[in-house]
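Worksheet: the structure to be examined is printed underneath.
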Amino acid sequence: MTRKQRRLTMIGGSLAVLAVAAALVLNAMRDSIVFFSTPTMLAEKPVVAGKRFRLGGLVQPGSLVRGDNLAVTFQVADGSAALPVSFKGILPDLFREGQGVVAEGALDAAGVFKADTVLAKHDETYMPKEVADALKKQGHWKDDYGAKPAYDAKPAAATQGASQAKQGVSQ
Amino acid sequence: MIAESGHYALVLALALALIQSTVPILGARWRDPALMNVARATALAQLLFVAASFAALVALYIVSDFSVVNVYENSHSTKPLLYKITGVWGNHEGSMLLWVSILALFGGLVAAFGNNLPLSLRAYVLAVQGWVASAFYLFILITSNPFLRIASPPIEGRDLNPVLQDIGLAVHPPMLYLGYVGFSISFSFAVAALLEGRIDAAWARWVRPWTLVAWIFLTLGIAMGSYWAYYELGWGGWWFWDPVENASLMPWLAGTALLHSAVVMEKRNALKVWTILLSILTFSLSLLGTFLVRSGVLTSVHAFATDPTRGVFILLILCVFIGGSLSLYAWRASALKQGGLFAPISREGALVLNNLFLTAACATVFIGTLYPLALEVLTGDKISVGAPFFNLTFGPLFLPLMIAVPFGPLLAWKRGDLLGAAQRLTAAGIAALLAVAMLWAWTRGGNAFAPLAIGLAVFVIAGALTDLAERTGLFRVPFATATRRARGLPRATWGSAFAHAGVGVALIGIVCETTWNSEYIATMRSDDVAKIAGYELKLDGVTQRPGPNFREMQAQFTVSLDGRRLGEMTPSKRNFTARASSTTEAALLTRGASQLYISLGETTADGAIAVRIYHKPMVLLIWWGPMLMAFGGLLSVSDRRLRVGAPKPAKALRGLQAAE
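First to last, the protein sequences are chains L and D.
Take the first sequence: its letter number 104 is residue 91 in our numbering, and every next letter is one higher.
Add 5 to a position in the second sequence, counting from 1, and you land on the number used in our numbering.
Right, here's the structure in full:
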C-alpha cells in the first residue's frame, strides 16, 4: 500500500465508524426518548393511549388507596388538573401524599395512567426537579417545599450531596 | 481559630499557585534554571498549605463546630466519627476542597519524583498545574468557601443526607477525584509539549504511568459508586445512565483511549498529535463532569438560572481551559513532527480502531447526557434520555470493539498478519462457540442474545489467555521453559491480559444479571415463606432497635436451599430523626458470584411488611471485572520499563539542574 492509500484507509475507516455512531444516535433519539408531562400540560395537549411518557406532579392528599397485593392508586395533581395513576409494587421510601412524584408509564383506554415505574428522584430538598420547575412555571410553587431554616451568614444555594440521592422502584 | 487558619492556608495556597503558574514559564523562556526550579518549591509548598486547609476542615467536623455553616449543614453531633470525617466531602464546598487537595497532591508528586524530567518540561508542566489550581482556588474562595461562620451558632447540626452515610460512599468520591484530577497531569504534559513545541517517545513514557494511575483510581471509583448504588438504594440496580454517572464514565472512556494511544506513541513514535488531543479531551471531560455535578445544572436548569454564580464560574473555568487548550492545540499541533508509518492491519491499526470506538462511544454518552440539557435551555421541553437510548447506541459500538480486543495484542507492530492472528485465536473462538452452544441448550432457546453476548465475553477472556500462551510458548515448548518465559514477560503484557480479561468478566456479569435476574415482590407476615430461584426465605420476625443517630426496623429471614439452612439475612429500614428521612439497608447473601438481595418496603396497617427479594446470578462479576482491570493497570504501572531506560535527551539542562 502506498502512503496515500494507507491514509485513505484510515480516514475512510474513521468516517465509517463516525457515520455508524451518528446513525445509532439518530435512531435511538427517535425511539427511546421519553417526554415529561404534567396533568395540566396533558389537558392542553393530550397524549395518545399507549405512548410512554413521564408524568410529574404532587400526590393529591387523601387520594392514595392501597389495594390487595401491593396494588396502589393515587392521583397526581399540579394545581389545576389531576390524573389517576395506578401502580403495582413497592413505592419509594420518600413517596408521600402532598409531595412531588414522577411516574413513568402510559395512559390506558380509560384515561388512567398505568405506571410501571414510580421515581422519587430527589435532591436534598425532596422535590423532583421536573416537578419543581413545572410548579414554579405555573405559580404553584410554595417556598416551604424546599425551605431550609434561615441563618444569618452569606448563604449558599441548596447544596447538593456528593451524588444525588437516587431512589425508585421498578415493577 | 481553626476555621480562620484553614481559610488563611487556602489563601496562601492560592498565592503560591499564582507564583507557580507564572515564574517557571518565564524561567523556561529565559532559560533560567533558578526560576524554573521555583515550580518545584511552590508545588510542594502549595501541597503543604492546601493539606493544612483540608485538615482544618476535617478537624472542624470532628469537633462538631456548628458555628461553621458547612459543618452545621452537613454534620450532627451524634453521627459516628467515620461519617463525621467522610461528611467533609459529602457536600459541595468540602468536595471542592478535596478536589484541589488532590490536584495539589498530583502536582507535588510530579515535583517530588519528576527529577528525571527535563527541567524546562517540568517547569511547564507544573506551571499548567498551577493555572488549573489557581482557577479552582479562586472558585472556592469566591463562591464556595467552606470556612464561613454563622453569627449565632446553632446547638445542633442538620446532619448528612442519610443515604450518604455509608462506607461505600465515604471512599467513592476520593477515588473518583483521584481519577478525575489525575488526568490533569496528562493534560499539563500535553499543554507543556505544545508550549515547548517538542514531543517524543520519552514524553509518552513519562505520561503513561500518570495516566495509568488516574485510570486505575477512576476504574475503581466508578465500580465502587456502582456497587454503592446497588446495595444502598434498595432496588438492586447498579447502573442508571444518570448524568452524574455519565459524568464519570466519559473521562473513563477517553482515558482508556488515551492509555492505548500512548502505547503507540511510546513504542512507535506515531499518533503524537492524536495522543495530545486525547490528553486534552480527557481532562476536559473531567472538568465537564465537575461542572455537571457541581454547578447544580442537573438538579434544575431553573435553579442554575436563578443562582448562577457557581455554575457560571465553573462554566468560565471550563471555557477557558478547554477553549484555551484546544486553541493552543490548533495553533501548535502542526509543529509536532509526524512519526512512524504503519499499515492499517497492524498493532497500531488495532489501537487506532480501539480509539475510534472508544471515542465514538464516549461521544454518544456525551450527546445522551447533554442533549436533554441543551433542549431544555433552548426550547423548554423536558425529555429524559434513559437506558434505552444508551443500550441502542453504546451497546452496538462496544460490540465490534469487544470482537477486536483479542486480535490487537496478537498483531505485529507496523504490519500485522490478520489471518495468522485469526489462526492463533482458533482455540478462543472454539471456546466461545462451545459456551454459546452450552448456554443455548441449557436455556432451551430462550433469549438468543444472552448466550451470544456471553460467548463474546468468553472469546475476550480466552483471547487474553491465548496472548499469554503465545508469548510464553505454552503447549509448544517444555513447561519449564514456558514458566521461565512467563516470568520474563514484561509486566505490562500481563497487565493488558488481565485488563482485557476483566472486560470479559464484567460483560458476563452484566449479561447474566440483566437476563436471568429473578424477583419476588409481596407483602409478608411472620412465618411466611418466599420462594425464588430454588431458595426458600422464611420471615422469622421483625424487631425495632436504636442505632447511633437513627432507629431501625430489622427483619430476620432464614434462607434455605433444598431444606438445608444456608444462613440468616437481616434487611432493615432506618429512620434518621435529624432529617426526618429514611433509608433502606438491603441484606445480601453471597453464593459464589451470585447474590440474594432483600430490601424492605413500608409496613401495612395490619402489620405485614412489603418485601422485595431478588436473585441476581453472577452479579458480583460486574465489579470483579473492573477490579481485574485495575489490577492489570497496577501490574502495568509496576513495569520497570516505565521507570528505567527512559531516554534522557536533555543532558545540558540536567547539568544546570545540579547547580540549583
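C-beta atoms are modelled at their ideal positions from N, C-alpha and C, and glycine is treated no differently.
Note that this is a predicted model, so its numbers are computed, not measured.
Per DSSP, glutamate 201/D forms a beta bridge with which residues?
Taking the first residue of the second sequence as 1, we reach residue 201/D at position 196. Glutamate 201/D is not bridged to any residue.
Per DSSP, which residues does lysine 38/L bridge with? Please list them.
Taking the first sequence and counting its residues from 1, the one referred to as residue 38/L is at position 51. The secondary-structure analysis by DSSP pairs lysine 38/L with nothing; it has no beta-bridge partner.
How would you write the range of the alpha helix (DSSP H) that alanine 90/L sits in, first residue to last?
Looking up residue 90/L in the first sequence gives position 103. Alanine 90/L -> not in any alpha helix (DSSP H); beta strand (DSSP E) instead, spanning 87 to 94.
How would you list, in chain order, the residues of chain D whose beta-carbon sits under 9 Å from the beta-carbon of phenylalanine 22/L?
Locating residue 22/L in the first sequence gives position 35, where the first residue counts as 1. Asp386, Lys387, Ile388, Ser389, listed in chain order.
For a quick check, are the C-beta atoms of valine 547/D and glutamate 541/D less than 8 Å apart?
Within the second sequence, residue 547/D is the residue found at index 542, counting from 1. Within the second sequence, residue 541/D is the residue found at index 536, counting from 1. Against a cut-off of 8 Å, the Cβ pair of glutamate 541/D and valine 547/D comes out as no contact.
Top-ranked residue by Cα proximity to alanine 18/D, from Met270/D, Leu143/D, Lys536/D
For the purposes of this step, residue 18/D is identified with residue 13 of the second sequence, where counting begins at 1. The candidate whose alpha carbon is nearest that of alanine 18/D is Leu143/D.
Rounded to whole angstroms, what is the Cα-Cα separation between leucine 333/D and leucine 199/D?
For the purposes of this step, residue 333/D is taken as the residue at position 328 of the second sequence. For the purposes of this step, residue 199/D is taken as the residue at position 194 of the second sequence. Going from the Cα of leucine 333/D to the Cα of leucine 199/D covers about 7 Å.
Given that threonine 27/L touches chain D, what residues does it touch there, using C-beta distances under 7 Å?
Taking the first sequence and counting its residues from 1, the one referred to as residue 27/L is at position 40. The contact set of threonine 27/L on chain D, defined by CB atoms closer than 7 Å, is empty, because the minimum CB distance reaches about 14 Å.
Using 8 Å as the limit for Cβ to Cβ distance, is aspartate 130/L near chain D?
Locating residue 130/L in the first sequence gives position 143, counting from the first residue. Bear in mind that the predicted position of aspartate 130/L carries a pLDDT of just 45, short of 50, making it too unreliable to give a figure here.
Give the straight-line distance between the Cα atoms of arginine 556/D and glutamate 607/D, rounded to the nearest whole angstrom.
On the second sequence, position 551 is the one that residue 556/D refers to. On the second sequence, position 602 is the one that residue 607/D refers to. The alpha-carbon atoms of arginine 556/D and glutamate 607/D are separated by roughly 15 Å.
Is any beta-carbon of chain L found at less than 8 Å from that of proline 349/D?
Position 344 of the second sequence holds residue 349/D. Yes, because at least one Cβ of chain L sits closer than 8 Å to the Cβ of proline 349/D.
Close beta carbons around valine 43/D, own chain, < 6 Å, minus the five adjacent residues each side:
The count along the second sequence starts at 1 and reaches residue 43/D at position 38. Residues of the same chain with a CB within less than 6 Å of the CB of valine 43/D, apart from the 5 flanking positions on each side, are Val28, Pro29 in chain order.
If we cut at 8 Å on Cβ distances, does serine 73/L have a partner in chain D?
Position 86 of the first sequence holds residue 73/L. No, serine 73/L does not count as interfacial toward chain D.
Can you list the residues of chain L that proline 576/D reaches, using a CB-CB cut of under 8 Å?
Taking the first residue of the second sequence as 1, we reach residue 576/D at position 571. Per Cβ cutoff of 8 Å: no residues; proline 576/D is ~12 Å from chain L at best.
Contacts that glycine 76/L makes with chain D (C-beta to C-beta distance below 8 Å)
Numbered from 1 along the first sequence, position 89 holds the residue referred to as residue 76/L. Those within 8 Å of glycine 76/L in chain D are Ile526.
Could you tell me the alpha carbon to alpha carbon distance between arginine 617/D and phenylalanine 326/D, rounded to whole angstroms?
Stepping through the second sequence from its first residue, residue 617/D is reached at position 612. Stepping through the second sequence from its first residue, residue 326/D is reached at position 321. Counting only the Cα atoms, phenylalanine 326/D lies some 47 Å from arginine 617/D.
Any C-beta of chain L within less than 7 Å: which residues of the region 418 to 446 of chain D qualify?
Using a CB distance below 7 Å, no part of the region 418 to 446 of chain D faces chain L.
Under a CB-based cut-off of 8 Å, is glycine 413/D close to chain L?
Start at 1 with the first residue of the second sequence, and residue 413/D comes out as number 408. It does not; no Cβ of chain L falls within 8 Å.
Are the C-beta of alanine 615/D and some C-beta of chain L separated by less than 8 Å?
Here the question's residue 615/D lines up with position 610 in the second sequence. The beta carbon of alanine 615/D sits closer than 8 Å to some beta carbon of chain L.
Report buried or exposed for methionine 41/D, applying the criterion of at least 16 other Cβ atoms within 10 angstroms of its Cβ.
Taking the second sequence and counting its residues from 1, one reaches residue 41/D at position 36. Buried, because 16 or more other Cβ atoms sit within 10 Å of the Cβ of methionine 41/D.
Excluding the 5 residues flanking threonine -4/L on each side, which residues of the same chain have their C-beta closer than 6 Å to its C-beta?
In the first sequence, counting from the first residue as 1, residue -4/L sits at position 9. Around threonine -4/L: no qualifying Cβ.
For lysine 272/D, the first and last residue of its enclosing alpha helix (DSSP H)
Reading the second sequence from its first residue, position 267 is the one you call residue 272/D. Segment 248 to 273, the alpha helix (DSSP H) holding lysine 272/D.
Of the listed residues His177/D, Pro214/D, Ile466/D, nearest to leucine 263/D (C-alpha basis):
By one-based count along the second sequence, residue 263/D stands at place 258. The shortest C-alpha separation from leucine 263/D is found at Pro214/D.
Round the Cβ separation of isoleucine 77/L and isoleucine 526/D to the nearest angstrom and send it over; I've been treating them as touching at under 8 Å.
For the purposes of this step, residue 77/L is taken as residue 90 along the first sequence, with counting starting at 1. For the purposes of this step, residue 526/D is taken as residue 521 along the second sequence, with counting starting at 1. About 6 Å; that satisfies the 8 Å criterion.
State the DSSP-derived secondary structure class of serine 191/D, mapped to helix, strand or coil.
Walking along the second sequence from the start, residue 191/D turns up at place 186. The three-state secondary structure of serine 191/D, taken from DSSP, is helix.
Less than 8 Å between the beta carbons of valine 168/D and threonine 582/D, yes or no?
The sequence position of residue 168/D within the second sequence is 163, counting from 1. The sequence position of residue 582/D within the second sequence is 577, counting from 1. Taking 8 Å as the cut-off, the Cβ atoms of valine 168/D and threonine 582/D do not count as close.
Applying the 10 Å Cβ sphere with the 16-neighbour rule, what's the burial state of lysine 89/D?
Translated into the one-based positions of the second sequence, residue 89/D becomes position 84. Classified as buried, lysine 89/D has 16 or more neighbouring CB atoms from the shown chains inside 10 Å of its CB.
Taking DSSP as the reference, what is the three-state secondary structure of glutamate 98/D?
Walking along the second sequence from the start, residue 98/D turns up at place 93. Glutamate 98/D: helix per DSSP, three-state reduction.
Run through DSSP, which three-state label would alanine 14/D get?
Within the second sequence, numbered from 1, the residue matching residue 14/D stands at position 9. In the structure shown, the three-state DSSP call for alanine 14/D is helix.
Any C-beta of chain D sitting closer than 8 Å to the C-beta of alanine 137/L?
Numbered from its first residue, the first sequence carries residue 137/L at position 150. Only weak support is given to the placement of alanine 137/L: the predicted model assigns it a pLDDT of 35, under 50, and the question is left unresolved by the model.
With DSSP as the reference, label tyrosine 113/L as helix, strand or coil.
Start at 1 with the first residue of the first sequence, and residue 113/L comes out as number 126. Annotation note: pLDDT 46 at tyrosine 113/L (below 50); position unreliable, coordinate value reported separately. Tyrosine 113/L carries a coil assignment under DSSP once its states are collapsed to helix, strand and coil.
With 16 other Cβ atoms within 10 Å as the buried cut-off, status of arginine 36/D:
As a first step, residue 36/D is located in the second sequence; it is residue number 31 there, counting from the start. The residue in question, arginine 36/D, is exposed, as its Cβ has fewer than 16 Cβ neighbours within 10 Å.
Classification of leucine 297/D by the beta-carbon crowding that lies within 10 angstroms, buried from 16 upward:
Position 292 of the second sequence holds residue 297/D. Leucine 297/D sits buried, since 16 or more C-beta atoms from the chains shown fall within 10 Å of its C-beta.
To the nearest angstrom, report how far apart tyrosine 376/D and cysteine 367/D are at their CA atoms.
Numbered from its first residue, the second sequence carries residue 376/D at position 371. Numbered from its first residue, the second sequence carries residue 367/D at position 362. One alpha carbon belongs to tyrosine 376/D, the other to cysteine 367/D, and they sit about 14 Å apart.
For arginine 53/L, which residues in the same chain have their Cβ closer than 8 Å to its Cβ, ignoring the five residues on either side in sequence?
Numbered from 1 along the first sequence, position 66 holds the residue referred to as residue 53/L. Spatial neighbours of arginine 53/L in its own chain (CB-CB distance under 8 Å, excluding positions within 5 residues in sequence) are listed in chain order as Val59.
Give a yes or no on whether the minimum CB-CB distance between proline 631/D and chain L is below 8 Å.
Numbered from 1 along the second sequence, position 626 holds the residue referred to as residue 631/D. Taking Cβ atoms only, chain L never reaches closer than 8 Å to proline 631/D, which makes this a no.
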